[in-house]
Amino acid sequence: MRSLLVLIVALGQVALLSYMVWQRETLLRQGETLYMQTAPVDPRDPLRGDYVRLSYPANTVARSDYRGPLPRQALQRGQQVYAVIKPTTENLYRLDYLLSEPPSQGMFLKGRVLSLPGNGAIRVKYGIEQYFVEQGAGLEIESIRGGREGFQRPMEVELAVGQDGSALIRGYRWSPLALAMTLLEPEPNDDALPGLDAPRRGPQSPTVRLRLRNVSKSPVALVDNVDHCGFTLQPLGDSDRKIQRVDKRCSGYQYGPQDRIDLAPVEEYAIDIDLAKRRWFVSAEGKDGDLVGDIAAVAPGERFRLVYRSPATDSAPAQVWQGELQTPAFTVWGWVD
């Protein structure tokens, strides 16, 4: 009798494993194909055995990108959530918003709450944060991706996504552009507002030097102008306050041929963005109303990214690259992710 029970248990385990393998293979064959761009990540200790550690912008969801219906404060670690994603270009998708229930339509990824750090953000894991590779291939991937001291080239991970939001990694491709970021010493702030005028104690909003390099074998066209409407400043939600841009000069952007930047292979587009200038001012919730100023003055505890995305979509020529590049996260204190 005991031998029979052992046999039944063993057969049950084999059946369960076989079912899991069948589920995985079915998803890889029949799942919807899309790409998700990986976020810049500190490459220190990136390998565990024969897999590469991956991070996505959708792993950290800002408070403003969570839309319930369950209140954010009621979320628990391990709770299932659903990241609604939207296409940009070349079948590349990015996070639109996060829900506590499956959406009625559209593409989405199923994940679980990893942590609620108390700063308004939500850390989510989707089961696609590790990519297993052949032995030795991980070091080559890390070499192409680059590190914080130089150019970082985003990996665009190919996913198979099921109707229930489950996702598996099929493979990857590389972005045609790589980005390098350097934080420079702050410059005197001529745009300071009354009550926030320099010099002041504490951190200063830095000047960010950005270099975009064409690392592909074909020409790439970008769009940017004198106001740098190709770039946006994005908070990561650390201060648990609503933070939004103040300057609206790029809201009605109209493409002009003078804004086109053609990069041959290995060519670069380099700019310095002074975050103390009014162009980059933000408003942040305060106890006595909204505070307006540069990020060091009104949101010194926040992490930010600069994001390049073509400001011209429908109006730009077909040759203009419509992808996205993100800097590593940084603070006004000089910390870089």
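With our numbering applied, the sequence shown covers 2 to 338. Glycine included, each C-beta is placed from N, C-alpha and C at the ideal position. The structure displayed is predicted, hence computed values, not measured ones.
Checklist entry - Going straight from the alpha carbon of R319 to that of V293, what length do you get? => result Per the sequence shown, residue 319 should be read as Ala rather than Arg. C-alpha separation (whole angstroms): 38 Å.
Next on the checklist: Less than 8 Å between the C-beta atoms of A179 and V216, yes or no?
Outcome noted: Going by C-beta atoms, A179 is nearer than 8 Å to V216.
Checklist entry - Does the segment 87-101 come close enough to the segment 259-278 to have 3 or more Cβ pairs within less than 8 Å? => result As far as the Cβ criterion goes, the segment 87-101 does not touch the segment 259-278, which means the pair count is below three.
Checklist entry - Who pairs with Q153 in a beta bridge, going by DSSP? => result Bridge partners of Q153: L180.
Item to check | Residue burial classification, G112 (beta-carbon count within 10 angstroms, cutoff 16) | outcome: With 16 or more Cβ atoms within 10 Å of its Cβ, G112 is classed as buried.
Next on the checklist: Could you pull the DSSP bridge partners for L35 from this structure?
Outcome noted: Per DSSP, the beta-bridge partners of L35 are L160.
Checklist entry - What residues are listed by DSSP as bridge partners for N215? => result In the DSSP assignment, N215 forms a beta bridge with L178.
Item to check | Contacts around D291, its chain only, beta-carbon distance under 6 Å, and the 5 residues preceding and following it disregarded | outcome: Only S284 meet the Cβ criterion.
Checklist entry - In chain order, what residues of the same chain have a beta carbon less than 7 Å from the beta carbon of G151, not counting five sequence neighbours either side? => result Around G151, the same chain offers A181 as residues with beta carbons nearer than 7 Å, after the five sequence neighbours per side are excluded.
Item to check | Contiguous beta strand (DSSP E) assignments of at least 3 residues, all confined to the segment 105-142 | outcome: The beta strand (DSSP E) runs lying completely inside the segment 105-142 and spanning 3 residues or more are 109-116, 123-126, 131-133, given in chain order.
Next on the checklist: Determine whether the beta carbon atoms of S116 and P70 lie at a separation below 8 Å.
Outcome noted: Going by C-beta atoms, S116 is not nearer than 8 Å to P70.
Checklist entry - Who are the near neighbours of A122 in its chain, counting only those whose CB is closer than 7 Å to its CB and skipping five residues on each side? => result Closer than 7 Å at the Cβ level, and outside the excluded window around A122, lie T61, V62, A63, R64, L237, G238, D239.
Item to check | Collapsed DSSP secondary structure at R49 in the structure displayed | outcome: Because R49 sits at a pLDDT of 49, beneath the cut-off of 50, its placement in the model cannot be relied upon, and the following sentence gives the value as read from the coordinates. The three-state reading of DSSP puts R49 in coil, since its state is none of H, G, I, E or B.
Next on the checklist: If I measure Cβ to Cβ from I129 and keep anything under 6 Å in the same chain, skipping five residues before and after, which residues do I get?
Outcome noted: Cβ within range, chain order: A168, I170.
Item to check | Validate contact between the segment 303-312 and the segment 322-332 using beta carbons, cut 8 Å, 3 pairs | outcome: Contact between the segment 303-312 and the segment 322-332 is present, because at least three Cβ pairs lie under 8 Å.
Item to check | Burial state of T332, where buried means 16 or more other Cβ atoms lie within 10 Å | outcome: Counting C-beta atoms within 10 angstroms of its own C-beta, T332 has 16 or more neighbours from the protein chains shown and is therefore classed as buried.
Checklist entry - According to DSSP, is A199 helix, strand or coil? => result Reliability fails at A199, whose pLDDT of 46 lies under 50, so the model's placement of it is uncertain and the value that follows must be treated cautiously. Residue state, collapsed to three classes: coil.
Next on the checklist: Run through the DSSP bridge pairs and tell me what P88 is partnered with.
Outcome noted: For P88, which the question treats as bridged, DSSP gives the partners Y94.
Item to check | As assigned by DSSP and simplified to three states, the class of P258 | outcome: In the structure shown, P258 sits in a helix (DSSP, three-state: H, G or I).
Checklist entry - So is the beta-carbon of T39 under 7 Å away from any non-hydrogen atom of the ligand SAH? => result The model depicted lacks the ligand SAH and carries no ligand whatsoever.
Next on the checklist: Buried or exposed for P207, going by 16 or more other Cβ atoms inside 10 Å?
Outcome noted: It is buried - the Cβ of P207 has at least 16 other Cβ atoms within 10 Å.
Next on the checklist: If distances are taken between C-alpha atoms only, which option among Y254, T39, E286, H229 comes closest to R280?
Outcome noted: Distance check between R280 and each of Y254, T39, E286, H229 places H229 closest, using alpha-carbon atoms only.
Checklist entry - Between M1 and R146, which are expected to be in contact by the criterion C-beta below 8 Å, what is the C-beta distance as a whole number of angstroms? => result As displayed, the chain neither begins before 2 nor continues past 338, which places residue 1 out of reach and without an answer.
Checklist entry - How many Å lie between G287 and K243 at the Cα? => result Those two C-alpha atoms are separated by around 9 Å.
Item to check | Reduced DSSP category for D273 - H, G, I as helix; E, B as strand; rest coil | outcome: Of the three classes helix, strand and coil, the one that applies to D273 here is strand, per DSSP.
Next on the checklist: Considering Cα atoms alone, identify which of G253, D275, S311 is closest to R261.
Outcome noted: Considering only alpha carbons, the answer is S311.
Item to check | Residue range of the unbroken beta strand (DSSP E) whose run includes V283 | outcome: In the DSSP assignment, V283 falls within the unbroken beta strand (DSSP E) covering 283-285.
Item to check | Bridge-paired residues (DSSP) for T61 | outcome: DSSP output for T61 lists R124 as bridge partner(s).
Checklist entry - Do you know how far the Cα of D275 is from the Cα of P266? => result Cα-Cα distance, rounded: 28 Å.
Next on the checklist: Using a 10 Å radius around the Cβ and a threshold of 16 neighbouring Cβ atoms, would you call R174 buried or exposed?
Outcome noted: Taking every protein chain shown into account, the CB of R174 has fewer than 16 other CB atoms within 10 angstroms, so this residue is exposed.
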